[in-house]
Amino acid sequence: MVAIKTSGVDAFLAKPQAGVFAVLIYGPDSGLVSERCERLAARALEGSDDPFALVRLEGDDLASDPGRLADEARTIALFGGKRVIRVRVGGRAMVLAAEGLLSGPEPESLVILEAGDLKKNNPLRALCEKSPRAAALPCFPDEAGARDRLIDEETREAGLSISPDARALLAAHLGPDRLAARGEVRKLCLYAMDKGRIDADDVEAVVADAGDVGMDVAIDAAFAGRAADMTAALKTLRAGGMPASVVAGGALRHALTLHRLRGDVDAARSARAVMEANGFLFHFRRKAAVERALGAWTNERLGEAVTKLADAVAAGRKAGAIGEAVAERALLAIAIEAGRLMR
């Protein structure tokens, strides 16, 4: 079994590959990791009314008793049917336990290993990526497409529609953690349940002013040429658990939007007129900063910014701490360039 790419995770969860009985779900987005573990376990136990079908184990305990995982996985369910063993991987290495599971007879249970961010050379990750009986599923912070799907899922489940400006504003408010973001959307759906439709005013009234709204402070400072403000905002976001690579992803989406809108400016429209026509794309507090950036940045320079940020986002997904440094340098370079453009 090769490692599952990020784009293929949802397809695997919908239809796990035959012969795979151990699934490692890992990544920096702990909320998304937890949600996908729940989803996979629910699918495996669908139709079961056995209260003992789901067994939870701690990885640190298995590190001390490696044979326990294989024994537990090969235990037949008391009432028949499928069992799921869900293991929370801790700080201690549990490779011996996983090797014992994967090298023996096929067990009666599906084993789900729930882990944090694992580097490519992590022994447990390498074992699951190489074994034909296991799969490794990465979970990275939500990007725009995933957030749109989350919003669609929850509004559809609630029987609500959502206006385009409300959708854009909601996506801008949601933080990178999947469970927290889903909780915010569900709270919004409950608030708007009697209306049948979610409008921008509903988003303003309900959704917490956090996550990407805080990230927007760093992004707007970068595109305005305020390098010191951008650096301070990055430090605050990092302390709150948001890595620079996620901010770089937000900056990339912002640069792409500016690039598109700049085409209207180049077609002899003023930056203010373009903003008045497209203001729904941005939180109201950002509009003045975005308008100034739209007037200062040229299409050519925005194209260069898009390339720089795309490279930084790719590095952040592949290179861990080094990728974080690359993302910070890219954002600083954007701020320095903006400072030149706005003189």
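Quick note: the sequence shown, position 222, residue 267 per the numbering used here, numbers continuous. Just so it is clear, CB atoms sit at the ideal spot from N, CA and C, and this is done for glycine as well.
Per-residue burial, residue i [other beta carbons within 10 Å of its own, 16 or more giving buried]
i    : result
R137 : exposed
G72  : buried
A375 : buried
A322 : exposed
I264 : buried
S52  : exposed
P183 : buried
A296 : buried
T200 : buried
D247 : buried
A366 : exposed
S154 : buried
P152 : buried
A190 : Looking at the sequence itself, residue 190 is Gly, so the reference to Ala does not match. It is exposed - the Cβ of G190 has fewer than 16 other Cβ atoms within 10 Å.
D254 : Residue confidence is low: D254 scores 49 on pLDDT, short of 50, so the model does not pin down where it sits. No coordinate-derived value is stated.
G92  : exposed
R271 : buried
D74  : buried
Beta strand (DSSP E) segment containing residue i, residue limits
i    : result
S154 : S154 to E159
L102 : L99 to E103
A179 : A179 to P183
N-terminal and C-terminal residue of the alpha helix (DSSP H) that residue i is part of
i    : result
R337 : K332 to A341
E345 : N344 to K363
P168 : P168 to K175
E229 : R223 to Y236
V251 : A245 to V251
E321 : A316 to N323
D55  : V54 to A59
Other residues of its chain near residue i: CB distance less than 6 Å, five sequence neighbours each side excluded
i    : result
G286 : none
F268 : A338 and A383
A181 : A48, L69, R170, C173 and E174
A59  : none
A404 : This structure leaves residue 404 out entirely; the chain is present only between 46 and 388.
G294 : V358
Proximal residues to residue i (C-beta, below 8 Å), its chain only, five neighbours per side dropped
i    : result
G149 : A115 and R119
A171 : K165
K389 : This structure leaves residue 389 out entirely; the chain is present only between 46 and 388.
L279 : A263, A289, V292, E373 and L376
V351 : L297, A300, L301 and H304
R113 : L102, D106, L107 and A142
A355 : L297
R178 : M46, G64, V65, F66, A67, L147 and E151
Sequence-distant residues of its chain with Cβ nearer than 7 Å to residue i (five each side left out)
i    : result
L347 : A300, L303, H304 and R307
G76  : D222, R223, L224 and A225
A203 : C234 and M238
A316 : V310, E336, L339 and G340
K332 : M320 and G324
L282 : G259, M260, A263 and V292
Length of the line joining the Cα atoms of residue i and residue j
i    : j    : result
K165 : A313 : 50 Å
P288 : D94  : 41 Å
D210 : R227 : 19 Å
A237 : E249 : 12 Å
L339 : G241 : 36 Å
L147 : A378 : 47 Å
P389 : E369 : The question about residue 389 has no answer, for the chain in this structure spans 46 to 388.
I142 : N344 : Per the sequence presented here, residue 142 reads as Ala, with Ile not at that position. One C-alpha to the other measures close to 55 Å.
L107 : M139 : 6 Å
I207 : R192 : 14 Å
V335 : A380 : 14 Å
V371 : E349 : 16 Å
W342 : F185 : 31 Å
D400 : G104 : Examination of residue 400 is not possible in this model, given that the chain is present from 46 through 388 alone.
V68  : I157 : 5 Å
I121 : L90  : 14 Å
I49  : L85  : 15 Å
A318 : A284 : 38 Å
R388 : M275 : 18 Å
R330 : G361 : 29 Å
V132 : I243 : 39 Å
A56  : D261 : 32 Å
E117 : V129 : 10 Å
L195 : V230 : 8 Å
K232 : V251 : 7 Å
K127 : S79  : 21 Å
A160 : E83  : 13 Å
D110 : P96  : 25 Å
N167 : V134 : 12 Å
Give, in chain order, every unbroken run of the beta strand (DSSP E) that is at least 3 residues long and sits entirely within the stretch 67 to 142. 67 to 71, 99 to 103 and 128 to 133
Only counting runs of 4 or more residues, tell me where the alpha helix (DSSP H) segments fall wholly within the stretch 267 to 312, in order along the chain. 272 to 284 and 289 to 311
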